[in-house]
Amino acid sequence: MKYKVLHIITRLDKGGSAENTLLTILGLSKERYDMTLIKGASLESTMSDEERRANEKDLKKISDSGVSVITIDELVRKISSLNDLRAFIKLFLVIRNGKYHIVHTHTSKAGVLGRWAAWFCRTPVIIHTPHGHVFYGYYGRFVTQIFKIMERVTALVTDRIITLTDREKQEHINSKIAPPEKFITIHSGVDTKRFFGVAVADTKRLKMEFNIPDDFLIIGTVGRLIGVKGHKYFIQAAHKIINSLQSSAFSLQPHKNVKFIIVGDGPLMTYLKREANLLGISDSVIFTGWRADVPAVMSVFDIFVLPSLNEGMGKVLVEAMLLKKPIIASRAGGIPDLIRNGENGILIPPASPDKLAEAIIDLIKSEDKRNRMGERGRFIAESYSDKAMVEEIEKLYMEVPSPILGERG
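Residues in the sequence shown are numbered from 762 upward in steps of one, following our numbering.
So, in structure tokens, the structure goes:
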């Protein structure tokens, strides 16, 4: 029997949740599953032409694999009673007509609308992946409480909730979203092949492109330029480090020369560039915009930084570790499940440019520590493959009891 599976996600962009969903859809057996993807419209006005083309390429890859793709324009992140109602009705009609065995929703908005639409259509199995720590507190106490209430109610119609880390799972349990037996941790997978064997020629080419001399140490970060990613703290820390390096009382030879690279695009690009300019460090901070060659760009980094205020797991950390980069990251969301302080990286408090600067300077001083952390990180990261993730999801699909997929307990 071939099972009909519907995946629903609000935005299929180049973020971690979208990439996770993409790898899942492409990796699941096409002989066992007949899959459909519902996505919202890509309305991000700050998206570069290159990123749009990459999204179109991803959609073509999905279609070419035999997966049907449906776009619901009203399915957007912004809360709107009219659009949300329209999106719900369209989801209901698709699910009712499709007679799916499994509906698997991804992210908050798609998760609430999609799960209730599936429940009203009596879908046998309903699974949800939040892809993040929505109760972490970044959104404010009132909004966080609203999220919790909505998730508690919607969890009643959900068979399983996939968390990316054990920390996220425990956070949901502590928030009384659902009983422990409804949760399962499946780590977000990475297409490891993209990060193996990056050519030395690529790193040399990129240093020439960015006009960075060989004797400069490079500190970099990768992520969409939005508030939750904490880029402004990265820039503030860069300012403190540059001032320290220029101080006559401070010597870090042979690395008194550093460059900071920010890879990614988003609505805060203009603001962040202005901040770097106001701090007088625009010559030392490189904004690459969106890049298709992220593995190659990351390969030129000597230190990788993730200053996020919240992360589901931070799969970019796995990517950096596959490239043997020492990590400095915020102690936020699921990051501490990946980064073992002092072993494969350094954990710092979120929104703390002073602590971030201290940690970067600590690694600048010690090449031995950088190498040791990089080697350990690579060892840890190799277990986070997309193949392992897909195998766990497929196993879950077959284990969830239902009248169609098996007997309920």
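For glycine and all other residues, C-beta sits at the position ideal for the given N, C-alpha and C.
Under DSSP, the alpha helix (DSSP H) around residue i begins and ends at which residues?
| i | result |
| --- | --- |
| R902 | 902 to 916 |
| R1035 | 1030 to 1039 |
| I1003 | 992 to 1007 |
| F1048 | It is not in any alpha helix (DSSP H) - F1048 instead sits in the beta strand (DSSP E) that spans 1046 to 1050. |
| V1061 | Unbroken run through V1061: none, as it is neither H nor E. |
| V1079 | 1076 to 1083 |
| P709 | Outside the displayed range of the chain (762 to 1170) lies residue 709, so it cannot be described from this structure. |
| I1141 | 1128 to 1142 |
| L1157 | 1147 to 1160 |
| I934 | 927 to 935 |
I need the boundaries of the beta strand (DSSP E) containing residue i, first residue and last residue.
| i | result |
| --- | --- |
| G801 | 794 to 801 |
| I769 | 764 to 770 |
| I979 | 978 to 983 |
| R921 | 921 to 924 |
| I831 | 829 to 833 |
| S869 | Note, S869: premise wrong, no beta strand (DSSP E); alpha helix (DSSP H) at 869 to 881. |
| I1089 | 1088 to 1091 |
| H889 | 886 to 890 |
With DSSP run on the structure shown, which of helix, strand or coil describes residue i?
| i | result |
| --- | --- |
| S1113 | coil |
| N1018 | coil |
| S824 | helix |
| N781 | helix |
| R838 | coil |
| I973 | coil |
| H948 | coil |
| F957 | coil |
| L1013 | For L1013, the predicted structure reports a pLDDT of 49, less than 50, and the residue's modelled location is therefore unreliable. A value from the coordinates is still provided. Of the three classes helix, strand and coil, the one that applies to L1013 here is coil, per DSSP. |
| N1071 | coil |
| F849 | helix |
| I863 | strand |
| V1024 | strand |
| L1108 | strand |
| D774 | coil |
Please check the pair residue i and residue j, which I expect to be a contact at CB under 8 Å, by giving their CB distance rounded to whole angstroms.
| i | j | result |
| --- | --- | --- |
| R921 | L767 | Not really, about 15 Å apart at Cβ, beyond 8 Å. |
| I1171 | T1049 | There is no way to answer for residue 1171, as the model of the chain reaches only from 762 to 1170. |
| G1138 | M1082 | 3 Å |
| I769 | V864 | 7 Å |
| I910 | F971 | That belief does not hold up - the Cβ atoms of I910 and F971 are roughly 47 Å apart, past 8 Å. |
| L852 | I833 | 7 Å |
| E929 | G1095 | 5 Å |
| S778 | W1051 | Their Cβ separation, rounded to whole angstroms, is 17 Å, which puts S778 and W1051 out of contact at 8 Å. |
| I856 | C882 | 4 Å |
| S1127 | S1091 | Wrong, their Cβ atoms sit about 21 Å apart, outside the cutoff. |
| V1019 | S1045 | 7 Å |
| T924 | H933 | 6 Å |
| P1111 | A1093 | 5 Å |
| T866 | G859 | Contact flag wrong, Cβ pair sits at about 14 Å. |
| V837 | G801 | 5 Å |
Using a Cβ cut-off of 8 Å (strictly closer), state whether residue i contacts chain D.
| i | result |
| --- | --- |
| E1160 | This model lacks chain D altogether; it includes just one protein chain. |
Does the segment 1107 to 1127 come close enough to the segment 1072 to 1079 to have 3 or more Cβ pairs within less than 8 Å?
no
Measuring CB atoms only, is the segment 993 to 1012 touching the segment 1115 to 1123, in the sense that at least three cross pairs come out at less than 8 Å?
yes
State whether the segment 771 to 790 contacts the segment 949 to 956, with contact taken as three or more CB pairs (one from each stretch) at a distance under 8 Å.
yes
Please confirm if the segment 883 to 891 is in contact with the segment 907 to 924, defined as three or more CB-CB distances below 8 Å between the two stretches.
yes
At a cut of 8 Å, does the segment 976 to 987 reach the segment 1061 to 1069 through at least three beta carbon pairs?
yes
Check whether the segment 1140 to 1147 and the segment 1026 to 1038 are in contact - that is, three or more C-beta pairs closer than 8 Å.
no
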